[in-house]
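*Asks:*
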Amino acid sequence: MSPLTIAWSMCAAASAMMGLSHVLLWFKERRRSVYLLSSVMAFSAAASALLELALMRADDTARYGTLLQWENLTIYLLIISMVWFVYLHFGTARRWLAVAITVLWTIAIGINFTSPMSLVYSEITELRMMKTFWGETFTLAIGEPNPWKALADAASLLILVYALDGSFRAWRGGTREEAAAVGGGIVVFILLAGAHTPLVDAGVVATPYMISFGFLAIVFGMTYVLVSRAFSASRYARQVQADEKRWRLLLENVQLLVVGLDRGGLVNYVNPHALRLLGYERGDILGRPWIDIAVPQAERPAAWDTFRNLLQGGNLPSFENTVLGKTGEALHVRWSQVLLYDVDGASGGTLSIGEDLTPRIRAEHEARRERDALAHVTRVSAMGELVASLAHELNQPLTAMLSNAQAAQRFLATDPPELGEVRDILHDLVKDNQRASDVIRRLRALLTKEPPAFAAVDLCRLARDVSQLLRGDSMIRKIDVAVECPSEPALAHGDTIQLQQVLLNLLLNAFDAVAHLPADRRRITVGISRRRDAWEISVRDQGIGLAPDGLTEVFEPFFSTKRGGMGMGLSIARSIVESHDGRLWAENNSDRGATFCLTLPVFGALDPREAAA
Ligand code: ADP
11 MSPLTIAWSM CAAASAMMGL SHVLLWFKER RRSVYLLSSV MAFSAAASAL
61 LELALMRADD TARYGTLLQW ENLTIYLLII SMVWFVYLHF GTARRWLAVA
111 ITVLWTIAIG INFTSPMSLV YSEITELRMM KTFWGETFTL AIGEPNPWKA
161 LADAASLLIL VYALDGSFRA WRGGTREEAA AVGGGIVVFI LLAGAHTPLV
211 DAGVVATPYM ISFGFLAIVF GMTYVLVSRA FSASRYARQV QADEKRWRLL
261 LENVQLLVVG LDRGGLVNYV NPHALRLLGY ERGDILGRPW IDIAVPQAER
311 PAAWDTFRNL LQGGNLPSFE NTVLGKTGEA LHVRWSQVLL YDVDGASGGT
361 LSIGEDLTPR IRAEHEARRE RDALAHVTRV SAMGELVASL AHELNQPLTA
411 MLSNAQAAQR FLATDPPELG EVRDILHDLV KDNQRASDVI RRLRALLTKE
461 PPAFAAVDLC RLARDVSQLL RGDSMIRKID VAVECPSEPA LAHGDTIQLQ
511 QVLLNLLLNA FDAVAHLPAD RRRITVGISR RRDAWEISVR DQGIGLAPDG
561 LTEVFEPFFS TKRGGMGMGL SIARSIVESH DGRLWAENNS DRGATFCLTL
611 PVFGALDPRE AAA
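Quick note: the sequence shown uses the numbering used here, first residue 11, plus one each step.
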């Protein structure tokens with residue numbers, strides 16, 4: 011067999027193989043038209059190799075001319091597909107250059123088929139039999155060069171600039187390996203083919219055309235890229251598998267509910283923790299619509315709306331809802347969600363991760379219940395302290411009523427009875443009775459064990475009620491309590507009984523603090539003033555004041571400096587105020603004594619948590 015035939019056939023086979031593999035790649039992934047372009051490029055190179063072989067064997071000028079025309083067509087196809095391949099593949103090449111090359115070569119190929127001896131020659135004068143250095147003969151044409159060939163040569167120059175520029179920009183953009191392999195292959199091809207072919211045409215070198223051999227540089231570059239891509243794809247696949255395993259392990263063991271839904275809302279994943287909490291077996295729930303199974307009926311339409319909105323790319327705020335277990339037991343769960351995408355980038359469903367808040371909510375309820383119970387106990391115990399003074403307080407109107415009633419009896423016994431006096435007495439009786447029942451009303455209110463009810467509380471009325479309740483005590487202990495109210499109504503948002511308890515506690519403490527002072531300095535001022543969105547109540551005394559550590563210590567449970575003191579009053583008062591979204595703190599006055607201050611939200615002002623949301 012002739013070495014020329016072997017070499018050119020092998021070259022054709024190599025290009026055809028590349029064409030075949032790229033056409034198969036395109037079949038697998040139709041969206042990637044670059045593969046179609048690269049396969050056209052490779053098949054054209056294969057055809058070009060075979061035509062070059064035929065040219066070597068041509069024995070008359072007309073046939074040589076026709077073969078050259080077809081050879082030029084394969085080169086045209088090769089170059090155009092290569093130029094647009096570079097354009098699409100790197101995305102960095104200049105479009106106008108690609109268009110210019112396409113236009114130049116299209117004109118050139120038109121001329122190629124209208125000139126009888128192709129684009130290369132306007133006339134072939136003779137066919138010469140040449141000899142290779144190993145003695146094999148091949149044909150080469152001698153003739154008049156076609157001036158239009160300059161078009162193709164100019165285009166080759168442009169291709170060089172285009173490929174260098176596109177690859178360089180791709181290199182700078184980060185796809186270095188590909189830019190070097192593919193761009194380098196193309197540049198080598200253009201240099202080889204573009205420099206060697208004109209030399210053959212001009213009769214300077216006496217070898218067959220070797221354009222298809224130049225293309226082997228591209229075959230090599232592209233095969234290198236394909237192999238390295240296959241290698242990184244398999245490494246990536248192993249990495250993905252390892253990641254998948256790690257994530258799955260995490261989802262399977264995490265103490266959170268994890269539920270995956272497909273686009274139709276059917277469960278496609280549920281982790282063991284969720285199954286445990288809900289009491290389901292995996293088989294009970296996989297493939298079934300989550301919302302219809304686990305969401306209470308009344309909430310289902312809204313849940314479906316949210317789910318569909320999510321799939322359409324809506325936002326993914328975390329939210330809380332009720333989830334029903336198999337036996338109908340309700341859990342309160344806070345969910346965060348992610349949208350999952352399939353390989354084509356379309357949304358493929360959701361993965362929701364939920365925290366079961368039920369135990370925490372239960373504990374909070376329990377703590378609140380216990381705090382309320384404790385608050386009641388301390389209230390009752392504070393009342394115990396007041397019994398003596400309340401007795402005194404009640405004694406006054408009762409004594410007055412008794413003496414008034416006796417006087418009325420006497421007035422009725424006269425003849426004629428002094429009815430005018432009796433009427434006045436009855437009027438006083440009603441007033442005294444009112445006073446006594448007011449004392450009892452206030453006392454009873456404090457002793458009730460009702461759950462807290464938040465509403466508008468008139469702070470001035472509250473302060474006056476509490477100071478009235480303590481009137482007996484303050485009179486016995488000769489303490490002057492002044493309530494200073496603002497001109498506008500001071501309405502706060504809160505529970506009256508609990509707030510009375512706080513104020514009662516602060517006043518009783520202040521009573522103790524001023525107990526040792528001379529009577530004229532036993533003065534306590536309750537001030538109520540507005541601080542932007544809050545009311546501030548201050549209880550100011552001239553007493554012993556607090557040690558520097560005491561400013562925070564006094565709020566600790568069981569902290570007391572009093573003999574027989576429980577030390578719970580201020581700690582409970584603070585928790586009550588905080589449950590009202592307020593603050594309670596202590597300050598020492600600049601002169602003497604201490605001031606206890608608390609803030610409460612103004613009734614009707616936006617809840618701070620709502621405002622933040
Ligand atoms: P208790 O009254 O049973 O001691 P509290 O929690 O009400 O419990 O008060 C804790 C301590 O805070 C008191 O024992 C006292 O030492 C201190 N205290 C409270 N109010 C005042 C005040 N107005 N002036 C000085 N010390 C105070």
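Glycine included, each C-beta is placed from N, C-alpha and C at the ideal position.
Please give me, in chain order, every unbroken run of the beta strand (DSSP E) with length at least 3 that falls completely inside the region 318-395.
*Replies:* Listed in chain order, the complete beta strand (DSSP E) runs (minimum 3 residues) inside the region 318-395 are 329-334, 340-351 and 357-366.
*Asks:* Consider the C-beta atom of D483 and the heavy atoms of the ligand ADP; say whether any pair is separated by less than 7 Å.
*Replies:* Result no, Cβ not under 7 Å from the ligand ADP.
*Asks:* Suppose only complete runs of 3+ residues qualify. What are the beta strand (DSSP E) ranges in the region 121-167, listed by chain order?
*Replies:* Segments of the beta strand (DSSP E) lying fully in the region 121-167: 131-141 and 147-155.
*Asks:* Given T147, which residues of its chain have a CB within under 6 Å of its CB, disregarding the five upstream and five downstream residues?
*Replies:* Cβ within range, chain order: M139 and K141.
*Asks:* What span of residues does the beta strand (DSSP E) with F606 cover, start to end?
*Replies:* Element bounds for F606: A604 to P611.
*Asks:* Straight-line CA distance for A180 to G101?
*Replies:* Approximately 8 Å, taken between the alpha carbons.
*Asks:* For D530, would you say it is in contact with chain C, using Cβ-to-Cβ distances shorter than 8 Å as the test?
*Replies:* Absent from the structure: chain C. Only one protein chain is present.
*Asks:* The ligand ADP and T562: does the residue's C-beta get closer than 7 Å to at least one heavy atom of that ligand?
*Replies:* No, Cβ of T562 sits at least 7 Å from all heavy atoms of the ligand ADP.
*Asks:* Out of G213, R542, A423 and L271, which one is the CA nearest neighbour of L296?
*Replies:* Measuring from the Cα of L296, the nearest candidate turns out to be L271.
*Asks:* Name the two residues that bound the continuous beta strand (DSSP E) containing G577.
*Replies:* From DSSP, G577 is part of no beta strand (DSSP E); its letter is neither H nor E.
*Asks:* Kindly provide the ranges of any alpha helix (DSSP H) runs that are 4 or more residues long and lie completely inside the region 13-84, ordered along the chain.
*Replies:* DSSP runs (the alpha helix (DSSP H)) wholly in the region 13-84: 13-38 and 43-67.
*Asks:* How big is the Cα-Cα spacing for A26 and R105?
*Replies:* C-alpha separation (whole angstroms): 28 Å.
*Asks:* Report the partner residues of P299 according to the DSSP bridge assignment.
*Replies:* Paired residue(s): L276.
*Asks:* Helix, strand or coil, according to DSSP, for H503 in the structure here?
*Replies:* H503: strand per DSSP, three-state reduction.
*Asks:* Helix, strand or coil for A216 per DSSP?
*Replies:* Coil.
*Asks:* Spatial neighbours of L65 within its chain, please: CB distance less than 6 Å, with the 5 preceding and 5 following residues excluded, ordered by chain position.
*Replies:* Around L65: L77.
*Asks:* Which stretch, first to last residue, makes up the beta strand (DSSP E) that contains A596?
*Replies:* It spans L594 to N598 - the beta strand (DSSP E) in which A596 sits, taken as one unbroken run.
*Asks:* Return yes when the Cβ of S581 is within less than 8 Å of the Cβ of P1, no when it is not.
*Replies:* Because residue 1 is not part of the residues shown, which for the chain are 11 to 623, the question remains open.
*Asks:* Could you name each continuous alpha helix (DSSP H) segment of 4 residues or more that falls completely within the region 490-542, going from the start of the chain to the end?
*Replies:* The region 490-542 contains these whole alpha helix (DSSP H) runs: 506-524.
*Asks:* Are the region 530-547 and the region 466-474 in contact at 8 Å, needing three or more beta carbon pairs?
*Replies:* These segments touch.
*Asks:* Taking Cβ positions, are V491 and L480 nearer each other than 8 Å?
*Replies:* It is a contact, given that the beta carbons lie within the stated cut-off.
*Asks:* From the DSSP output, in three-state form, read off E291 for me.
*Replies:* Here E291 sits in coil by DSSP.
*Asks:* Are there any heavy atoms of the ligand ADP lying less than 7 Å away from the beta-carbon of N443, as far as the coordinates show?
*Replies:* No, the beta carbon of N443 sits no closer than 7 Å to any heavy atom of the ligand ADP.
*Asks:* In chain order, what residues of the same chain have a beta carbon less than 6 Å from the beta carbon of T112, not counting five sequence neighbours either side?
*Replies:* I90, listed in sequence order.
*Asks:* Going along the chain, which residues of its own chain have a beta-carbon closer than 6 Å to the beta-carbon of G603, five neighbours each way excluded?
*Replies:* Around G603: D551, Q552, G553 and G555.
*Asks:* Taking the DSSP output, what are the residues bridged to L271?
*Replies:* BP columns for L271 point to V277 and T360.
*Asks:* From the DSSP output, in three-state form, read off A557 for me.
*Replies:* Correct three-state label for A557: coil.
*Asks:* F317: beta carbon under 7 Å from a heavy atom of the ligand ADP?
*Replies:* No - the ligand ADP has no heavy atom lying nearer than 7 Å to the Cβ of F317.
*Asks:* In this structure, how does DSSP classify P618 when only helix, strand and coil are distinguished?
*Replies:* Any reading at P618 must be qualified, since the residue scores a pLDDT of 44, below 50, and its modelled position is unreliable; the value itself is stated next. Reduced to three states, the DSSP call for P618 is helix.
*Asks:* For the beta strand (DSSP E) that V549 lies in, which residues bound it at each end?
*Replies:* Unbroken beta strand (DSSP E) run through V549: A544 to R550.
*Asks:* Per the contact definition of three or more C-beta pairs closer than 8 Å, is the region 25-42 in contact with the region 227-243?
*Replies:* With the cut-off at 8 Å, the region 227-243 and the region 25-42 touch.
*Asks:* Mapping the DSSP letters down to three states, classify A103 as helix, strand or coil.
*Replies:* Residue state, collapsed to three classes: coil.
*Asks:* Let me know if T71 comes out buried or exposed under the rule of 16 or more other beta-carbons within 10 Å of its beta-carbon.
*Replies:* Buried, since its Cβ has 16 or more Cβ neighbours within 10 Å.
*Asks:* For my contact list, L334 and A304 are in at a C-beta cut-off of 8 Å; report their separation, rounded to the angstrom.
*Replies:* Right, their Cβ atoms sit about 6 Å apart.
*Asks:* Using the C-alpha atoms, what's the distance from P327 back to S477?
*Replies:* Roughly 49 Å separates the two Cα atoms.
*Asks:* Does DSSP put A465 in a helix, a strand or coil?
*Replies:* A465: strand per DSSP, three-state reduction.
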